[in-house]
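One structure is given below, encoded as structure tokens.
Residue numbers (our numbering): 409 to 709.
This is the structure in structure tokens:
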């Protein structure tokens, strides 16, 4: 016998739609009932966003009570936050059965602090919905006053869209977790803690700023060809650098940059001194070493 999931009928929102998208992955083949009938709700195996009770042991996940559940920071939960809290790990295990547990735990945390908590806030009126965000996209699936459309079919269409969004967010979080692991490993093995060498281009800032305070430059292959040496910022989102590339290199290209750095194969240095490029990995590493050893206030030639 398949599992029965129940939620309210009528107008739907981002929280119940995304909650169902998650539950349909965690419990494949489950049936969905949209109703407010107490008897039908009581007969369901799991109810979300309806019923007036939050009781994980009974698989009841409503949040509309006066004393509704809140996060540790005081943010009220919506139905998707509650479903994610109790069934998100099962959902991820079903969706990505070949991924290691440590990675899925990072994905769970990333989504909980991002997409899921954003829906929680907006559903509870803690924040601005805006005109182009995910809740607004879900609302567009509700039948309009001048169209004859089955609301349950509309809900399923919205859930299909939500499932695609969810899976892409998961894929992005998985890629970020893999990058964090790879960058952490590369930085831990670096012969010179000031310079981190990556054999592939990937997001590196989070891992470096999390645990490698000595790192000054990261060398990696460029998507447009060649190699780049990027200066590490002091904090997330900063346009500054722990140690900018030398002022004597700013804005130079080709032979001028090679002459200034003593590195054959140097291609360019951005005038803002946060990145420079080279033809080969060896040349990019040579630039990183030269920059790391360059006196902080060396005079321009």
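Glycine included, each C-beta is placed from N, C-alpha and C at the ideal position. Keep in mind that this is a model prediction, so the values were computed, not measured.
Coarse secondary structure for residue 685, derived from DSSP in three states: Residue 685 falls in the strand class under three-state DSSP.
Sub-9 Å separation of residue 427 and residue 448 beta-carbons: Contact flag unset, no.
Whole-angstrom distance between residue 553 and residue 571, CA atom to CA atom: Annotation: residue 571 to residue 553 spans about 26 Å, alpha carbon to alpha carbon.
Delimiting residues of the alpha helix (DSSP H) encompassing residue 588: Per DSSP, residue 588 is one residue of the alpha helix (DSSP H) stretching across 559-597.
For residue 623 and residue 567, the rounded distance between their alpha carbons: Each residue's alpha carbon lies about 44 Å from the other.
For residue 515, the three-state DSSP class (helix, strand or coil): Reduced to three states, the DSSP call for residue 515 is helix.
Straight-line gap, residue 443 to residue 417 (C-alpha atoms, nearest Å): Taking the straight line joining both Cα atoms gives about 5 Å.
Chain-order list of residues whose beta-carbon lies under 6 Å from that of residue 503 (same chain, five-residue window excluded): Closer than 6 Å at Cβ, skipping near neighbours: 433.
Inter-residue Cα distance where the pair is residue 485 and residue 477: Computed Cα separation, rounded: 6 Å.
Between the CA atoms of residue 573 and residue 468 - distance to the nearest angstrom: Their backbone Cα atoms lie some 25 Å apart in a straight line.
Top-ranked residue by Cα proximity to residue 496, from 586, 510, 519: Nearest option by C-alpha distance: 519.
N- and C-terminal bounds of the alpha helix (DSSP H) containing residue 667: Residue 667 -> alpha helix (DSSP H) spans 662-669.
Which of helix, strand or coil DSSP assigns to residue 708: Caution applies to residue 708, whose pLDDT of 45 falls short of 50 and renders its modelled position unreliable; the value that the coordinates give is listed next. In the three-state reduction of the DSSP assignment, residue 708 falls in the coil class, being assigned neither a helical nor a strand state.
Pairwise C-alpha distance: residue 660 and residue 702: Each residue's alpha carbon lies about 16 Å from the other.
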